[in-house]
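Accompanying notes for the structure given below.
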Amino acid sequence: MIDAELLVAALRERGWTLGVAESLTGGAVASEIVSVPGASATLLGGVVAYATPVKHTLLGVNADLLAEHGAVHPEVAAQMAQGVRRAVAVGGRPADVGIATTGIAGPDSPDGQPVGTVHIGVVTPTGIRSIPHLFAGARAQIRAQATAAAIGAALGAVRE
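What follows is the structure in structure tokens.
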């Protein structure tokens, strides 16, 4: 994936480190980044927080937010991205950048939101954002689109 190569290069250029938190993508974002030679200079680690309670216990997503809105929400994505920075801290220093995916890949929706609803959270030293998406296709296609969108969003944020 070309965007993963560009993301690693942009992170290296800035001297920034990265943490990845994933739900519906199940490790695919981290896998794409790890496929790039030299990724070890930037990627500290990743967390697959597939179960909703793990988003709270491991990543620090607000329990009330999860109870009120569920796991597929823009603020959940942002808090996951913030939380993974701390979760992969090295020597007490959190990652500079956190990216996160949360959404519904299907085939069914547990909470009534449309299948394909995805939120990408990105946190950098300069800001926090959550980007909503509605992808179409089968489960594997939605997951692949979410993976590409997360890497693209992180690349855009790092280049700013």
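When the sequence shown is numbered by the numbering used here, its final residue is 166 and no position is left out of the sequence of numbers.
Idealized CB from N, CA, C, for every residue including glycine.
Residue 128 and residue 112 have their C-alpha atoms some 23 Å from each other. DSSP lists no beta-bridge partner residue for residue 81.
Residue 102 and residue 115 have their C-alpha atoms some 33 Å from each other. DSSP places residue 27 in the uninterrupted beta strand (DSSP E) bounded by 24-28.
Taking 8 Å as the cut-off, the beta carbon of residue 30 is found closer than this to the beta carbon of residue 124. With contacts defined by Cβ atoms closer than 8 Å, residue 67 and residue 28 do not form a contacting pair. Taken atom to atom, the span from the alpha-carbon of residue 82 to that of residue 43 is near 31 Å. The C-alpha of residue 157 lies about 20 Å from the C-alpha of residue 92. Contact between residue 87 and residue 104 is confirmed by a C-beta separation of about 4 Å, below the 8 Å threshold. Between the alpha carbons of residue 32 and residue 56 lies a distance of about 7 Å. Under the three-state reduction of DSSP output, residue 59 falls in the helix class. Setting aside the 5 residues that flank it on each side, residue 165 is surrounded in the same chain by 16, each with a C-beta closer than 6 Å to its C-beta; the list follows chain order.
The residue from 126, 136, 144, 142 with its alpha-carbon nearest to that of residue 155 is 126. Where residue 135 is concerned, the enclosing beta strand (DSSP E) starts and stops at 133-140.
Counting the other Cβ atoms within 10 Å of the Cβ of residue 8 gives fewer than 16, which makes it exposed.
For residue 99, the beta-bridge partners assigned by DSSP are 96.
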